[in-house]
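Only one structure is covered here, and it is reproduced in the block below.
Chains as they are written, first to last, in the working numbering: chain A, 526 to 841; chain B, 526 to 841.
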């Protein structure tokens with residue numbers, strides 16, 4: 526199968542490219558390299574037929590690329606992944622999270638591409654009660670990232686129903702693993718490497734969320750796309766347990782070998798406006814397909830911290 | 526209170542302007558007059574302090590208007606109201622239904638306006654089962670109009686939570702009354718007036734939906750905004766019963782006095798791609814506030830047909 530992966534040089538995207546090539550697919554990664562990095566894909570060409578195209582997916586050239594590559598399926602992962610930035614500059618998520626999706630599904634319509642994997646987010650639930658299933662409503666996102674992803678889901682649904690597209694929608698939790706581009710682990714490792722005496726944490730450290738290893742996430746997606754979407758199939762995806770920001774900060778301090786560093790916390794329960802301080806959702810639907818994540822939330826976090834610390838050491 | 530009404534020259538908007546002026550508010554209507562008509566507001570100035578500004582609400586001049594008029598509350602009603610057109614030209618709803626909303630809430634943020642009434646739609650539910658409450662999910666719109674309105678709801682929610690805005694969101698059914706700008710009644714009266722021998726109906730005529738009189742709708746809104754939104758309050762709004770397209774077609778034929786006209790139906794249960802052929806939702810929440818619509822769906826439709834036939838006669 527020919528698979529086009531938008532955001533293919535990003536954290537999840539580059540890992541997805543490797544997995545897809547490993548399964549024997551032909552892969553075209555599209556990325557504007559604003560958050561993604563070419564080095565994340567350094568080993569890709571050795572795994573199978575692969576190309577990386579540097580392009581903003583909102584570009585008018587995307588249609589030409591679709592016409593040339595003729596993908597059977599699109600994995601649309603391109604987005605602004607920096608949730609807190611969305612609040613200070615509202616256009617960021619509008620343009621990079623919502624309008625990218627609009628443009629991708631519209632190019633799919635115009636070029637007759639019929640299968641879409643879409644990366645949505647737990648942030649669409651906003652401050653909803655814990656442990657809700659996919660059937661929960663109304664959805665009240667509290668961040669512009671969550672709003673842009675819900676807006677994108679709305680368009681994915683209508684395009685699927687109107688234009689014969691099958692769409693698998695995955696609401697991601699906090700995803701971790703090697704080659705992070707953003708998030709608490711990424712930030713903490715960098716900040717504590719720069720100033721070994723202290724680590725300042727946004728929020729009071731009690732923010733607690735489910736973290737998922739990127740390979741477990743990709744297992745879930747690759748399993749779910751074996752079932753028909755008729756035409757939209759939406760899945761919450763998360764592993765066992767949740768991890769607090771305090772645990773992450775302390776583990777980063779330990780892993781970097783600076784046990785004397787002072788960790789200072791803010792006063793707010795939210796790390797930033799739009800942050801959901803405590804979240805979990807019901808994952809019965811994806812588990813019913815037989816998905817069994819190998820790592821708990823804590824295990825995924827600890828492994829990701831180790832990988833991030835190792836990467837920081839190599840680059841310094 | 527100073528109220529700014531976007532889409533204020535439209536069908537619902539112009540009626541809202543009259544009601545708000547009647548309640549003693551100062552009203553600024555903004556409309557690009559693409560669907561709205563100045564004549565709908567002919568009597569407004571006599572009712573109280575009123576101005577009409579001809580402007581696309583996506584214009585960069587909107588912020589200046591907000592800064593000058595300084596509304597206490599915005600009723601954002603501007604949208605593309607032609608659902609079937611959205612499918613043939615996907616950009617229509619993106620630009621006129623979603624991006625208008627994005628721009629309005631962003632100008633509210635920038636100018637410190639704190640209260641928003643937003644007109645959403647039953648179309649966000651797509652082909653969902655009948656009689657669902659507001660708490661239903663996942664929402665899978667099947668039209669680009671429904672997608673754009675759900676996308677707009679997502680942004681209204683995030684802006685409300687992030688920027689101190691109170692938002693009342695009303696999911697409208699098919700709304701009817703005097704001065705229609707679109708819809709089955711509007712189309713049928715015009716078409717049968719032009720060719721008195723036949724009326725061609727899109728779809729097989731079995732499409733059946735709740736219709737609501739515009740004054741009953743405005744009663745619901747004016748009642749609900751008396752309660753805090755904390756910060757988002759979402760209401761399904763519909764009256765008693767539903768009305769089929771076949772009943773509308775036959776009533777129009779009768780009202781125009783052409784009983785001999787042949788009504789021809791299509792073969793599809795949907796009137797057009799994205800049409801939801803049979804729909805009703807749970808309105809317990811708005812009724813619990815004490816709202817009692819005066820007209821049933823059939824009564825609202827019949828009154829609207831009479832008004833539309835009368836308007837057609839006057840203009841010919």
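All C-beta atoms in this analysis are idealised placements derived from N, C-alpha and C, irrespective of residue type, glycine included.
Check: Helix, strand or coil for residue 809 (chain A) per DSSP?
Finding: helix
Check: Within 10 angstroms of its Cβ, does residue 818 (chain A) collect 16 or more other Cβ (buried), or is it exposed?
Finding: buried
Margin query: Is there a C-beta anywhere in chain B that falls below 8 Å from the one on residue 757 (chain A)?
Written below: yes
Note to self: Please list, in chain order, the residues of the segment 649-673 of chain B that have any C-beta partner in chain A closer than 8 Å.
What the structure shows: 649, 651, 652, 659, 660, 661, 662, 663, 664, 665, 666, 667, 668, 669, 671, 672 and 673
Margin query: Does residue 601 (chain A) come out as helix, strand or coil in the three-state DSSP assignment?
Written below: Under the three-state reduction of DSSP, residue 601 (chain A) is assigned to strand.
Note to self: Residues of the segment 673-694 of chain A in Cβ contact with chain B at a cutoff of 7 Å, in chain order, please.
What the structure shows: 675, 676, 679, 680, 682, 683, 686 and 687
Note to self: To be precise: take each residue of the segment 784-804 of chain A, compare its Cβ to all Cβ atoms of chain B, and keep it if any distance is under 9 Å. Which residues remain?
What the structure shows: 798 and 799
Note to self: Does any residue of chain A have a CB that is nearer than 8 Å to the CB of residue 612 (chain B)?
What the structure shows: So, interface residue.
Notebook entry, point to check: Ordered along the chain, which non-local residues of its own chain (more than five positions away) have a Cβ less than 6 Å from that of residue 908 (chain B)?
Noted result: Because residue 908 (chain B) is not part of the residues shown, which for chain B are 526 to 841, the question remains open.
Check: Which chain B residues are close to residue 641 (chain A), counting only those with a beta carbon under 9 Å from its beta carbon?
Finding: Residues of chain B passing the Cβ test: none, with the nearest at roughly 14 Å.
Next item on the list: Note down the Cα distance separating residue 659 (chain B) from residue 666 (chain A), rounded to an integer number of angstroms.
Entry: So the alpha carbons of these two residues sit roughly 15 Å apart.
Note to self: Looking at residue 787 (chain A): is its Cβ nearer than 8 Å to the Cβ of residue 722 (chain A)?
What the structure shows: For the 8 Å CB-CB criterion, residue 787 (chain A) and residue 722 (chain A) form a contact.
Next item on the list: Could you list the residues in the segment 614-629 of chain A with a C-beta less than 8 Å from some C-beta on chain B, going in chain order?
Entry: 615, 619, 623 and 627
Next item on the list: Leaving aside the five residues before and after residue 538 (chain A) along the sequence, list all residues of the same chain whose C-beta is less than 6 Å from its C-beta, in chain order.
Entry: 530, 532 and 602
Notebook entry, point to check: When the Cα atoms are used, what is the spatial distance from residue 568 (chain B) to residue 831 (chain B)?
Noted result: 21 Å
Checklist line | Local Cβ density within 10 Å of residue 585 (chain A), reported as buried at 16 or more and exposed below that | finding: Residue 585 (chain A) should be labelled exposed.
Next item on the list: State the DSSP-derived secondary structure class of residue 643 (chain B), mapped to helix, strand or coil.
Entry: strand
Next item on the list: Output yes if chain B places a C-beta closer than 8 Å to the C-beta of residue 631 (chain A); else output no.
Entry: At a cut-off of 8 Å between C-beta atoms, residue 631 (chain A) counts as an interface residue with respect to chain B.
Next item on the list: Leaving aside the five residues before and after residue 634 (chain B) along the sequence, list all residues of the same chain whose C-beta is less than 7 Å from its C-beta, in chain order.
Entry: 684 and 688
Next item on the list: Below 8 Å on the Cβ atoms is my guess for residue 743 (chain A) versus residue 692 (chain A); work out the distance and round it to an integer in Å.
Entry: About 18 Å; that fails the 8 Å criterion.
Check: In three-state terms, what does DSSP make of residue 660 (chain B)?
Finding: Residue 660 (chain B): coil per DSSP, three-state reduction.
Notebook entry, point to check: Buried or exposed: residue 728 (chain B), going by 16 or more other Cβ atoms within 10 Å of its Cβ?
Noted result: buried
Note to self: What does DSSP give as the partner residue(s) for residue 794 (chain B) in the beta ladder?
What the structure shows: Paired residues: none, contrary to the question.
Checklist line | Beta-carbon gap between residue 662 (chain B) and residue 589 (chain A) smaller than 8 Å | finding: no
Notebook entry, point to check: Among the residues of its own chain, which have a CB less than 7 Å from the CB of residue 698 (chain B), if the five just before and after it don't count?
Noted result: 647, 734, 735, 736, 737, 762 and 763
Next item on the list: Flag this pair as touching only if the segment 788-808 of chain A and the segment 700-708 of chain A have three or more C-beta atom pairs under 8 Å; answer yes or no.
Entry: no
Check: Who are the Cβ neighbours of residue 544 (chain A) in its own chain at under 6 Å, not counting the five residues just before and after it?
Finding: 743, listed in sequence order.
Item checked: Beta-carbon separation (whole angstroms), residue 711 (chain B) vs residue 638 (chain B), contact threshold 8 Å -> About 33 Å separates the CB atoms of residue 711 (chain B) and residue 638 (chain B); that is not less than 8 Å, and the two are not in contact.
Notebook entry, point to check: Taking just the CA atoms, how far does residue 782 (chain B) sit from residue 840 (chain B)?
Noted result: Within the model, the alpha-carbon separation for residue 840 (chain B) versus residue 782 (chain B) is close to 17 Å.
Margin query: Using a 10 Å radius around the Cβ and a threshold of 16 neighbouring Cβ atoms, would you call residue 696 (chain B) buried or exposed?
Written below: buried
Next item on the list: Flag this pair as yes or no: are the beta carbons of residue 678 (chain A) and residue 649 (chain A) separated by less than 8 Å?
Entry: yes
Next item on the list: Verify whether the separation of the beta carbon atoms of residue 893 (chain A) and residue 669 (chain A) is less than 8 Å.
Entry: This structure cannot settle anything about residue 893 (chain A), because the visible part of chain A is limited to 526 through 841.
Checklist line | Rounded C-alpha distance that separates residue 806 (chain A) from residue 654 (chain A) | finding: 9 Å
Item checked: For residue 829 (chain B), the first and last residue of its enclosing alpha helix (DSSP H) -> Taken as a continuous stretch (DSSP letters only), the alpha helix (DSSP H) holding residue 829 (chain B) covers 822-840.
Checklist line | Range covered by the beta strand (DSSP E) that runs through residue 759 (chain A) | finding: 757-761
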